[in-house]
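So the sequence shown is residues -19 to -1, 1 to 136, counted in mature numbering (1 follows the signal peptide of the UniProt record, and there is no 0).
Glycine included, each C-beta is placed from N, C-alpha and C at the ideal position.
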Amino acid sequence: MGSLPPMAGLLAVMLIVGGDFNAKSVLWGARNTDGRGRLLASWAAERDLRVANVGNRPTCVRPQETSVVDITWVSPDLLPFIGDWRVEEGIESLSDHLYISFSLGTTQTCPSARRLPDRKWNRKKFDSDFFRAVLIWKGQEPDVEDRMDVEQMAS
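Okay, structure coming up:
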């Protein structure tokens, strides 16, 4: 995992990384989050990667348990072009891991890739606690001055 440089999103590279990461997190459909899941989420956040997984269908099926440990990561600019992501349950893989499939569209064939109209902020609906939690999750806990600014914006 360490070979992909941090801040890959700044390189303007369209990137898809998929594999069996043996990590569980509610972020990609697992029932709970384990230590590996927290580390992997942090790794992906440092590289500005997004989860393309849709739903919570198990990607690994064993007699003793099922789990969601196969993850598809995508660079932010490429995410709108990923469609129809799914776990293929009807195809024999000769493994305890199921195949994952998705389509990669173009701006002409993928309606979600169209530019959305500019959005405006509604300060009355601003949730400062949620905003603070997101900053902490991204590893950018706000300074005391920033917290005061957020409180002023919310009031």
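When you compare the segment 7 to 20 with the segment 31 to 38, are there three or more beta-carbon pairs, one atom per stretch, that lie closer than 8 Å? Taking 8 Å as the limit for Cβ pairs, the verdict is that the segment 31 to 38 does touch the segment 7 to 20.
Can you look up Val55 in the DSSP assignment and give me helix, strand or coil? Stepping through the sequence shown from its first residue, residue 55 is reached at position 74. Strand at Val55.
Which residues share a DSSP beta bridge with Arg67? If you number the sequence shown from 1, residue 67 lands on position 86. Beta-bridge pairing links Arg67 to Ser82.
Name the one or two DSSP bridge partners that Asp1 has. One-based indexing of the sequence shown puts residue 1 at position 20. Paired residue(s): Asp51.
Are the Cβ atoms of Asn3 and Val50 separated by less than 7 Å? Here the question's residue 3 lines up with position 22 in the sequence shown. Here the question's residue 50 lines up with position 69 in the sequence shown. Result yes, Cβ atoms of Asn3 and Val50 sit closer than 7 Å.
7 Å Cβ shell around Leu85 - same chain, five flanking residues per side excluded: Along the sequence shown, one-based indexing puts residue 85 at 104. For Leu85, where only same-chain residues beyond five positions count, the Cβ hits under 7 Å are Phe62 and Ile63.
Between Thr53 and Gly16, is the Cβ-Cβ spacing less than 7 Å? Mapped onto the sequence shown, residue 53 falls at position 72. Mapped onto the sequence shown, residue 16 falls at position 35. 7 Å or more divides the Cβ of Thr53 from the Cβ of Gly16.
Sheet register partners of Arg31 (DSSP bridge): Translated into positions along the sequence shown, residue 31 becomes position 50. Its beta-bridge partners are Val55.
Sequence-distant residues of its chain with Cβ nearer than 7 Å to Val(-7) (five each side left out): Locating residue -7 in the sequence shown gives position 13, where the first residue counts as 1. Within the same chain, and ignoring the five residues on either side of Val(-7) in sequence, the residues whose Cβ sits closer than 7 Å to its Cβ are Ser56.
Smallest Cα separation from Glu46: which of Asp77, Leu20, Ala26 and Gly18? Residue numbering aside, residue 46 sits at position 65 when the sequence shown is read from its first letter. For Glu46, the closest alpha carbon among the candidates Asp77, Leu20, Ala26 and Gly18 is that of Asp77.
Just the C-alpha distance for Trp24 and Gly18, rounded to the nearest angstrom, thanks. As a first step, residue 24 must be located in the sequence shown, where it is residue number 43. As a first step, residue 18 must be located in the sequence shown, where it is residue number 37. Rounded to the nearest angstrom, the two C-alpha atoms are 10 Å apart.
Cβ-based neighbour list, Asp110, same chain, cut-off 6 Å, excluding 5 preceding and 5 following: Taking the first residue of the sequence shown as 1, we reach residue 110 at position 129. Closer than 6 Å at the Cβ level, and outside the excluded window around Asp110, lies no residue.
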